[in-house]
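Below is one structure, written out as structure tokens, with a few remarks after it.
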Amino acid sequence: MPPQDFGAAAKTAPSALAVPRVVGRLRSASASERREWLLAFCLLLPALTMLAVFVAYPFLRGIWLSLTDTVIGREGDFVGINNFIKLWNDSIFRRAAQNTFVYTGAATVLKLALGMLVALMLNNLIGFKRFLRASMLLPWIVPTVLSTLAWKWMFDPTFSIVNWMFYHLGFIHVRIDWLGGPVVAMWSVILVNVWRGTPFFAITLLAGLQTISPDVHEAAAIDGANAWQRFWRVTWPLLMPVTMVVVLFSVIQTFADFQLVYILTGGGPANSTHLFATYAYQLGVATAKLGEGAAASIAMFPILFLVVLFQLWYIRRGGAGKGGV
Amino acid sequence: MAQVAGARWRRWASLYIPLGVFVIVTLFPFYYMAVTAVRPDREMYIPWNRPNFSPFWTLQPTLEHLQLLFTETLFARWLFNTLTIATLSTAIALFCGLLAAYALARLRFPGGGALGTGIFVTYLVPQTLLFLPLGDVIRTFHLSDTPWALIFTYPTFLIPFCTWLMMGYFRTIPKELEECAQIDGATRIQAMVRIVFPVAMPGILSAGIFAFTLSWNEFIYALVFLSSATTKTVPVGVVSELVRGDTFFWGPLMAGALLGSVPVAFIYSFFVEQYVSAMTGAVKG
């Protein structure tokens, strides 16, 4: 496995002094240095062009759109922060915001707990490890929309196999409409997210666990630590850097999720299970109000930005450097 | 003796049984997808609380759903579209990512660190943040409803990923290798293309497989940028053409879901190790 280091670049990231320093070095460079810079510039050009045209520009355009009353097919006028005020007073949007936090929080905690459990069990397993690892990654690699369709069918109110199984196992006595009520639908969506995301947690944490030397555990065991103490005092701290990166990565993905809700509930019943992204889709595509839709999706940005900042800070602090998957 | 038996019992209770349950829950939806895909309609629509509801198997497997998929929908076309789009966007992303990664990992130039961080941050930008303005940009370029809309936009999330994966890979290759080549009279670019890239082949393969899977699975851009039935990709085609209003054609839907999943599962089964290393590499600190 190639040793990765997101930290290296982050550690040398720009400070306020970077610009004058760069200008100074440009002036005092030798011919061979300049040749190297020219080569670097040429090599970076294709990637940077793509990212400028299809990421940076759309991002700025999105901010602009969110400040206008554009609808699809008609250029809008500047309306200031009206769209955001409108959203703030929109009960569906508030519900969507609340849902997104519940969804992200609950799903991440469950994925981490389950993933950790599975990783610990796999780490203790002697045979079958490769087979199990390969087969449990399937939910992660198969197109999410397609596997979510299978769940939608399993949750079908009339033909639900989940109901059938739970009924025959004695868990339920009446029919449950898994996607029919606001609360139960939200938890069904969370369940499917956990189903899809746990393998990713398990495999990555397992990779982290495999770098921890068994000697550390033996030493702790000789000192009289029981299994529980060994986990919390030895494994957990050593695994922290990997855990942190996986959790932050997953928080971003879950927070900005679209597919699961779009397929399972479409935001229903009665707009009660929308997330930021699905509501932005409903506004911006289904009802063609591009300005309002852009505002609803830009509303995710501050939170995502904070998570990314935290991640960069954590990497730079050197936290992620030590663990190494 | 008793102690050994006790240990074995505990190993079953704390390891084999929970892992077994986990694997069953993980794989069950795929099994159910497969059973539904070959189950005849008359057997499918029996409410779950009837005694003759037999969920786990079917005694009269049928290929009618698959047949419907290929005769009455454009499924073959969607497969072809998805394959083309995924291949081309992966190629673009590998090209851009490889060159950028080489520059960031090997060359010393002012602002390199900041650029590396910048690319890392774009890696974290979710598609749902940009899909509306990006759709607008696509309309401006008159690319809506053409495969190019996706071939040009998928690299935006593939390039950062490929760049980071390859940067890590390049760092493991000793610098002396290129320096020797340069002493022997090769230019820097020749050394890069003839020496470093071939050595980095396993990394390039990992990045390529992962990028291909990501493009194959992408949904929201394809949903928003494509509108006519002939240009759709598999995930969007299945969802939009086999659901009419509130009517779900579950047989063909599951057959389509199964067939749409098989190619990635197939590729994956050959490259599990590369895939896992790309995945764990991509999030590694």
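Here the protein sequences line up with chains A and B, keeping their order.
First residue of the first sequence: 1, per the working numbering; consecutive thereafter.
First residue of the second sequence: 326, per the working numbering; consecutive thereafter.
Backbone N, C-alpha and C fix where the C-beta goes; we use that ideal spot for every residue, glycine too.
(1) Could you spell out the range, first to last residue, of the alpha helix (DSSP H) harbouring A/Thr204?
(2) In the DSSP assignment, the alpha helix (DSSP H) including A/Met300 goes from what residue to what residue?
(3) Extract the residue ranges of the alpha helix (DSSP H) inside the stretch 552 to 578 of chain B, only unbroken runs of 4 or more that lie entirely within it.
(4) Answer with yes or no whether the minimum CB distance from B/Trp334 to chain A is below 8 Å.
(5) For B/Leu408, which residues in chain A fall below 8 Å Cβ to Cβ?
(6) How about the stretch 113 to 120 of chain A and the stretch 198 to 208 of chain A: do they share at least three Cβ pairs that are nearer than 8 Å?
(7) Under the rule that 16 or more other beta-carbon atoms within 10 Å means buried, what is B/Phe405, buried or exposed?
(8) Per DSSP, what kind of secondary structure is B/Cys364 in: helix, strand or coil?
(9) Spatial neighbours of B/Thr387 within its chain, please: C-beta separation below 8 Å, excluding the five flanking residues on both sides.
(10) Looking only at C-alpha atoms, which of A/Val234, A/Lys111, A/Pro139 and A/Ile172 sits nearest to A/Val194?
(11) In chain order, what residues of the same chain lie with their CB nearer than 8 Å to the CB of A/Met154, ignoring the 5 residues before and after it?
(12) What residue range does the alpha helix (DSSP H) around A/Gly224 cover?
(13) Buried or exposed: A/Ala150, going by 16 or more other Cβ atoms within 10 Å of its Cβ?
(14) Between B/Pro435, B/Leu490 and B/Ile417, which lies nearest to B/Tyr448 when the distance is taken from Cα to Cα?
(15) Does the beta carbon of A/Arg61 come closer than 8 Å to any beta carbon on chain B?
(16) What does DSSP give as the partner residue(s) for A/Val285 in the beta ladder?
(17) Does B/Ser586 get closer than 8 Å to chain A when you measure Cβ to Cβ?
(18) So that I know if they touch, is there some Cβ in chain B lying closer than 8 Å to that of A/Glu36?
(19) By the 7 Å beta-carbon criterion, what residues does the stretch 135 to 156 of chain A contribute toward chain B?
(20) Let me see if you follow: with CB-CB separation under 8 Å, is A/Ala294 close to chain B or not?
(21) Once DSSP output is grouped into helix, strand and coil, what is the label at A/Thr68?
(22) Using a beta-carbon distance cut-off of less than 8 Å, what residues from the stretch 534 to 546 of chain B approach chain D?
(23) According to DSSP, is A/Arg74 part of a helix, a strand, or is it coil?
(24) Assuming contact is defined by CB atoms lying nearer than 8 Å, are B/Leu475 and B/Ser379 in contact in what I supplied?
(25) Is B/Glu501 closer than 8 Å to B/Val521 when the C-beta atoms are compared?
(26) Please report the distance separating the alpha-carbon of B/Gly533 from that of B/Val589.
(27) Which residues in the same chain as A/Gly336 place their Cβ atom closer than 8 Å to its Cβ, once the five residues preceding and following it in sequence are excluded?
(28) Taking 8 Å as the limit between beta carbons, can you name the residues of its chain near A/Ala97, skipping five residues before and five after?
(29) Given that a residue counts as buried once 16 or more other Cβ atoms are within 10 Å of its Cβ, and exposed if not, what is B/Ser586?
(30) At the level of alpha carbons, what is the spacing between B/Ala359 and A/Thr104?
(31) Starting from B/Asn377 and walking both ways along the alpha helix (DSSP H), at which residues does that stretch end?
(32) Give every residue of the same chain whose Cβ lies closer than 6 Å to the Cβ of B/Thr398, excluding the five residues on either side of it in the sequence, and list them in chain order.
(33) For the putative contact between A/Thr254 and A/Ala107, defined by C-beta atoms under 8 Å, what is the C-beta separation to the nearest angstrom?
(34) For A/Gly284, go through chain B and note every residue whose CB falls closer than 7 Å to its CB, in chain order.
(35) At a Cβ threshold of 8 Å, is A/Thr204 touching chain B?
(36) Tell me which same chain residues have a C-beta within less than 6 Å of the C-beta of A/Thr204, skipping the five on either side of it?
Result, derived from the coordinates:
(1) Element bounds for A/Thr204: Pro182 to Leu209.
(2) Per DSSP, A/Met300 belongs to no alpha helix (DSSP H) and is neither H nor E.
(3) Counting only runs of 4 or more, we get 559 to 566.
(4) No, because no Cβ of chain A sits closer than 8 Å to the Cβ of B/Trp334.
(5) None at all; the shortest Cβ gap to chain A is about 13 Å.
(6) Two segments are said to touch when three or more pairs of C-beta atoms, one from each, lie closer than 8 Å; by this definition the stretch 113 to 120 of chain A touches the stretch 198 to 208 of chain A.
(7) That one is exposed.
(8) Checking the sequence shown, residue 364 of chain B turns out to be Arg, not Cys. Reduced to three states, the DSSP call for B/Arg364 is coil.
(9) Hits under 8 Å: Val363, Arg364 and Pro365.
(10) In terms of Cα proximity to A/Val194, the closest of A/Val234, A/Lys111, A/Pro139 and A/Ile172 is A/Lys111.
(11) So the list reads Ser160, Ile161 and Val162, once near-sequence residues are dropped.
(12) Looking at the DSSP string, A/Gly224 is not in any alpha helix (DSSP H), and its letter there is neither H nor E.
(13) Under this definition A/Ala150 is a buried residue.
(14) Checking every option, the nearest Cα to that of B/Tyr448 belongs to B/Leu490.
(15) Chain B contact via Cβ: present.
(16) According to DSSP, which records beta bridges pairwise, A/Val285 is partnered with nothing at all.
(17) Interface residue (Cβ-Cβ distance to chain A less than 8 Å): B/Ser586 is classified as such.
(18) At a cut-off of 8 Å, the C-beta of A/Glu36 has a neighbouring C-beta in chain B.
(19) Per Cβ criterion, the list reads Ser135, Met136, Leu138, Pro139, Ile141, Val142, Pro143, Thr144, Val145, Leu146, Ser147, Leu149, Ala150, Trp151, Trp153 and Met154.
(20) Answer yes: the Cβ-Cβ gap between A/Ala294 and chain B drops below 8 Å somewhere.
(21) Correct three-state label for A/Thr68: strand.
(22) Chain labels in this structure do not include chain D; the protein chains are A and B.
(23) Judged by DSSP in its simplified three-state form, A/Arg74 adopts strand.
(24) Cβ atoms of B/Leu475 and B/Ser379: not closer than 8 Å.
(25) No; because the gap between Cβ atoms is not below 8 Å, this pair is not in contact.
(26) Approximately 13 Å, taken between the alpha carbons.
(27) Residue 336 of chain A lies beyond the residue range present for chain A, which begins at 1 and ends at 325; the question has no answer from this structure.
(28) Counting only Cβ-Cβ distances below 8 Å, and skipping sequence neighbours, we find Phe276 and Ala299.
(29) B/Ser586 comes out buried.
(30) Between the alpha carbons of B/Ala359 and A/Thr104 lies a distance of about 30 Å.
(31) No alpha helix (DSSP H) holds B/Asn377; DSSP gives it neither H nor E.
(32) Only Glu566 meet the Cβ criterion.
(33) A/Thr254 to A/Ala107, Cβ: 5 Å. Contact.
(34) Those are Leu457, listed as they occur along chain B.
(35) A/Thr204 counts as touching chain B.
(36) These residues qualify, in order along the chain: Val246.
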